[in-house]
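Undergrad: For the sequence shown, the working numbering assigns the number 426 to the initial residue and increments by one for each residue that follows.
From the three backbone atoms N, C-alpha and C, an ideal C-beta is built for every residue, glycine too.
Pasting in a structure now, in structure tokens, and then I'll have a few things to ask.
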Amino acid sequence: MRTFMLAVTGLVLAFAGCSSDSSGVFEVEHPRAHVASLALVVPPSLVAGQSARAFATPKDSTGAPLTDRPVTWSTSSAAIASVNDSGMVSAVAPGTAVVSAVSEGVSAEASMDVMAPSPPPPAPVATISVALSASSILVGQTATATATLLDASGNVLSGRVIAWTSSNVSVATVQADGNVLAIGPGSTTIRATSEGKTNSANLSVSAPAPVPVATVSVSPSSASLQVGGTTTLSAVTRDGSGGVLSGRVIAWSSSNPLVSTVSGSGLVTAIAAGTATITALSETKTGTSLITVTAAPPPPPAPVATVSVSPSSASLQVGGTTTLSAVTRDGSGAVLNGRVIVWSSSNPLVSTVSGTGVVIAIAPGTATITALSETKTGTSLITVTDPAPPPPPGGGVGWRGNEPAGMTAVGDRPFNAVVEGSWDPYGTGGFTIVSDATAPQSPNNVMRATYPAGFAAGQAPAFTTLVHPRFAKIYISVAVKLSSNWVGNGSGVNKFGYEWTTVPHPSFFFGAYGSGGGTLQPEAFLQDIVSHNGGVFFGPNLVPSAQIVRGRWQVLEYFIQGNTSGTANGSVDWYLDGVHVGSVGGIQWTSGATSFDTFQFYPIWGGGNTSPSITATQTMDWDHVYISGKN
């Protein structure tokens, strides 16, 4: 460094590090600023095979950008992502790598994810051919329809959804697996459709020739009546091997209508003393009963020896009715008419019975209905079950019967594909789309979660997520069916889905509560919330008998309300098959005002429970989830 001295009016100035040109003008050299920080921008994710530039900006201690400063680039794993001297990042293989930049000893780093490229879409169906195991069958017989799907190159395609239909279901029906059942004589076309392609095969159904009547027997074979009395004869037709033939026409006649007549239904009326032969004719065969009519005064009434109730047992759904009949007989088995019958129920909470034998089903369970005449009784065992819910109307708003007014739809998924719309595809490997014509909302396609034998507790086969706009109020409607062999987790927790305030913060999840083969109930669960003085697991408190029934489609509806800031005024209401079965209030989800933004179909078998794994494959099906919100 050179020092220059200049005298000005007695003042001496010192200039350090200066230089002058030939004109004597001095130029001051400023010191070079050092790199104090490094601003690094790295692409957060790339698909393997893609490239994108990363940017590193050196800055001095004031935060001002510095130019022309060299930057050295590197990554933690070149096998996942590489970077060249100019900051161009190349995605190599799936994984996570850390990209680093260094300038004048100052470094910065950022991680990035490399994802596998999406697989190519499956080849579309180009042609379809249909074959029947038999083109002509009899009523009551079955046939098997098979469809062969080919792509444009003639390759056979498997695993595609095939929709089967019959052009005339009064002739034959066809199930989802191609099984054809002959219903009535005629012809129909069995059609298969897959991915817009269709083809068909013709089927002819013939009626089997009726078996001829070989014998006719009349019961009773003889009867004695007093003038004015009546009795009802019955005729049984049989084939050559003794088998009973039903639905055959019986023509009744009397050999002496002046003694007794007979109606078309076999009712014999005594007219005058004497004898008459009553004949039952069917096709060319006959059977007879000898009727003896007397004019003697009737004997005193015989005491009741037995009482028989018909039917002897019956199954009813709650709210259903049936009429029982009681027949009184004397010691010889003859029917006694006009006897007083007193009806009673062993369990009126399950079923009641009127004075005329009309039974009304009240609640699930069993009850014995007793008919008393004189001192003799007869019984009928009544079994009452929960009614099968009517399927909700398909499509539109009609099936969302409890959706509050003013809601805005944020999700409406029919489950026609494993990956659909704006739902993220993460963790969908355990889901499949299957066909179920009985699905109540949008048949035939439904989403199936499969739990194979050996599946461990506390896990889900897969999950799928919908991130939606934030709302303080959320309505959820979905149809669910558990397989008939469903075994509940030992913890009692069998989850269906979640609604989150923001993953992984406080949430609500819903499912079926019950273990083993026991009763399953629709429950609401709160997770990681601030407070609720009633716990976090809630059963149906409005209709305690509400049940999730294995093997049956049922519609679940949930309405969730967030709390206002600092107040425990959130709530959950839920419905089963349109019935309001549960309501819980006093919930504080978060300390601030709570709103929700994420829905997950996350069918976890058990919570943190480590009970034994599943021993036989079981399934959970979902049909058409609908979500709406409101602030």
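By the three-class DSSP mapping on this structure, what secondary structure does Asp485 have?
TA: coil
Undergrad: Below 6 Å CB to CB, which residues in the same chain sit around Thr686 once its five sequence neighbours on both sides are set aside?
TA: Ser679 and Thr694
Undergrad: Name the residue from Leu465, Asn772 and Pro637 whose alpha carbon lies nearest to the alpha carbon of Lys710.
TA: Nearest option by C-alpha distance: Pro637.
Undergrad: What's the C-alpha gap between Ala588 and Ser625?
TA: 12 Å
Undergrad: Is the beta carbon of Gln979 sitting closer than 9 Å to the one on Val905?
TA: Yes; because the gap between Cβ atoms is below 9 Å, this pair is in contact.
Undergrad: Cβ atoms of Pro877 and Ile1029: under 9 Å apart, would you say?
TA: Contact flag unset, no.
Undergrad: Count the other CB atoms within 10 Å of the CB of Asp953; is the residue buried (16 or more) or exposed (fewer)?
TA: Here Asp953 is exposed. Its C-beta has fewer than 16 other C-beta atoms within 10 Å.
Undergrad: Taking the beta strand (DSSP E) that Ala834 belongs to, which residues open and close that run?
TA: Thr833 to Arg838
Undergrad: For Thr863, tell me which candidate among Val460, Ala526 and Ala601 has the shortest Cα-Cα distance.
TA: Ala601
Undergrad: Hey, how far is the Cα of Gly820 from the Cα of Ser867?
TA: Because the pLDDT of Gly820 is 39, which lies under 50, any placement of that residue in the model is unreliable, and the number read from its coordinates should be weighed accordingly. Answer to the nearest angstrom: the Cα atoms are 7 Å apart.
Undergrad: Bridge partners for Ser679 per DSSP, in chain order?
TA: Ile703
Undergrad: Would you call Thr1019 buried or exposed, if buried means 16 or more other Cβ atoms sit within 10 Å of its Cβ?
TA: buried
Undergrad: Of all the alpha helix (DSSP H) runs that stay within the bounds of the stretch 898-926, which reach a length of 4 or more residues?
TA: none
Undergrad: I'd like the span of the beta strand (DSSP E) that includes Ala887, first residue to last.
TA: Run containing Ala887: none; DSSP gives neither H nor E here.
Undergrad: Specify the secondary structure class of Asn870 as computed by DSSP and reduced to three states.
TA: Strand.
Undergrad: Along the beta strand (DSSP E) that carries Val586, what are the first and last residues, could you check?
TA: Neither: Val586 is in no beta strand (DSSP E) and is coded neither H nor E.
Undergrad: Tell me which residue opens and which closes the beta strand (DSSP E) that Thr992 is part of.
TA: Run containing Thr992: none; DSSP gives neither H nor E here.
Undergrad: Can you tell me which of the three DSSP states Ser771 falls into?
TA: coil
Undergrad: Starting from Val859 and walking both ways along the beta strand (DSSP E), at which residues does that stretch end?
TA: Phe856 to Ser860
Undergrad: Using the three-state DSSP reduction, which class does Ile954 fall into: helix, strand or coil?
TA: coil
Undergrad: Can Ser805 and Ser740 be called in contact, C-beta distance under 9 Å?
TA: Not a contact, by the Cβ cut-off of 9 Å.
Undergrad: Taking only the alpha-carbon atoms, compute the straight-line gap between Gly530 and Ser902 and give it to the nearest angstrom.
TA: So the two alpha carbons sit approximately 58 Å from each other.
Undergrad: Ignoring anything shorter than 3 residues or poking outside the stretch 730-804, list the beta strand (DSSP E) runs there in chain order.
TA: 731-735, 738-742, 746-748, 750-754, 767-770, 776-778, 783-786 and 790-798
Undergrad: Could you give the residue range of the beta strand (DSSP E) that holds Gln1043?
TA: Looking at the DSSP string, the run of the beta strand (DSSP E) that includes Gln1043 is Gln1043 to Lys1055.
Undergrad: Would Glu948 and Phe962 qualify as a contact pair, given that the criterion is a beta-carbon distance under 9 Å?
TA: Inclusion of Glu948 and Phe962 in the CB contact set at 9 Å is warranted, their separation being smaller than that value.
Undergrad: Suppose you measure from the CA of Ser750 to the CA of Gly758; what does that come to, to the nearest Å?
TA: 17 Å
Undergrad: Could you tell me if Thr571 is buried or exposed, where buried requires 16 or more neighbouring beta carbons within 10 angstroms of its beta carbon?
TA: exposed
Undergrad: Are His459 and Asp493 close, meaning C-beta to C-beta below 9 Å?
TA: no
Undergrad: Starting from the C-beta of Ser769, find all residues in its chain whose C-beta is less than 8 Å away, skip the five residues before and the five after it, and write them out in chain order.
TA: Val778, Ile794, Thr795 and Leu797, listed in sequence order.
Undergrad: Between Thr753 and Val729, how many whole angstroms is the CB-CB distance? I'm expecting something under 8 Å.
TA: A Cβ-Cβ distance of about 5 Å is found for the pair Thr753 and Val729, placing them in contact under the 8 Å criterion.
Undergrad: Grab me the residues of Phe934's own chain with a C-beta within less than 7 Å of its C-beta, minus the 5 sequence neighbours each way, in chain order.
TA: Lys920, Gly922, Tyr923, Phe950 and Gln952
Undergrad: Give me the residue from Ser659, Leu463, Val843 and Leu650 with the minimum Cα distance to Gly852.
TA: Val843
Undergrad: Could you check which residue in Gly1011, Pro547, Val564 and Leu563 has the C-alpha nearest to that of Leu574?
TA: Pro547
Undergrad: Taking only heavy atoms of the ligand MG into account, decide whether any of them is closer than 8 Å to the Cβ of Val980.
TA: The ligand MG is not part of this structure, which contains no ligands at all.
Undergrad: Hey, out of His957, Thr857 and Pro969, whose CA is closest to Gln946's CA?
TA: Pro969
Undergrad: If I measure Cβ to Cβ from Val472 and keep anything under 6 Å in the same chain, skipping five residues before and after, which residues do I get?
TA: Met540 and Pro542
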